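Here the structure comes first, spelled out in structure tokens, and everything after it is commentary.
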Amino acid sequence: MRWTIDHASPERLQDQIAGCVRRGIAGGELALNDQLPPAAELGEALSVNRNTVLAAYRQLRDEGLLEFRRGRGVRIAATEQATQPVIDAAADLLALARDHGLDRPAVFRILKELP
0 MRWTIDHASP ERLQDQIAGC VRRGIAGGEL ALNDQLPPAA ELGEALSVNR
50 NTVLAAYRQL RDEGLLEFRR GRGVRIAATE QATQPVIDAA ADLLALARDH
100 GLDRPAVFRI LKELP
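Residue 61 in numbering that gives the first Met the number 0 sits at position 62 of the sequence shown, and the numbers go up by one each step.
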């Protein structure tokens with residue numbers, strides 16, 4: 000799993016860390032019950048405060064993606080919820096396209112042309 004954050008980005012560091020976990024789940028690098036690094040260890044590796052990592056972990060816990068277990072650390076609790084917002088948006092996009100006379104292949108061509 001690759002952890003990357005941009006300290007110069009206007010996006011909050013905790014949101015960037017949470018995004019790394021979401022990408023790891025969506026890309027299949029993180030699976031159900033996989034353990035994440037301890038906050039202090041990850042914070043040191045990313046040059047951020049451990050509380051920033053904990054805030055990201057809590058955010059993902061509140062979304063149902065992570066679970067905290069005493070003595071077992073932080074683990075992936077669910078994988079489906081990580082991609083559900085994208086699936087919902089894609090369904091909305093396809094419905095909008097249909098309303099405008101476009102079929103799936105036309106939408107895929109449009110998406111491929113986007114930067």
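Every residue gets a Cβ at the ideal spot worked out from N, C-alpha and C, and that includes glycine.
Small disclaimer: the values here were computed from a predicted structure and weren't measured.
For this session: Counting only the same chain and skipping the five closest in sequence on each side, list residues whose C-beta sits under 6 Å from that of G23.
Result: The residue labelled residue 23 in the question sits at position 24 within the sequence shown. Excluding sequence neighbours, G23 sits near M0, L29.
Exercise. Mapping DSSP to helix, strand and coil, what is V20?
Worked result: Locating residue 20 in the sequence shown gives position 21, where the first residue counts as 1. DSSP places V20 in helix when its eight states are reduced to three.
For this session: Specify the secondary structure class of V47 as computed by DSSP and reduced to three states.
Result: Numbered from 1 along the sequence shown, position 48 holds the residue referred to as residue 47. Coil, per DSSP.
Problem set entry | Nearest residue (CA-CA) to P104, options L93, A54, D98, L113 | Position 105 of the sequence shown holds residue 104. With distances taken between Cα atoms, P104 lies closest to L93.
Problem set entry | G72 in three-state terms, based on DSSP | Against the sequence shown, residue 72 aligns to sequence position 73. The answer is strand: DSSP assigns G72 an E or B state.
Exercise. What residue does the alpha helix (DSSP H) around L110 start on, and which one ends it?
Worked result: For the purposes of this step, residue 110 is taken as the residue at position 111 of the sequence shown. Unbroken alpha helix (DSSP H) run through L110: 103 to 112.
Exercise. By a C-beta neighbour count over all protein chains shown, 10 Å radius and 16 as the cutoff for buried, is Q83 buried or exposed?
Worked result: By one-based count along the sequence shown, residue 83 stands at place 84. Q83 is exposed by the Cβ-count criterion.
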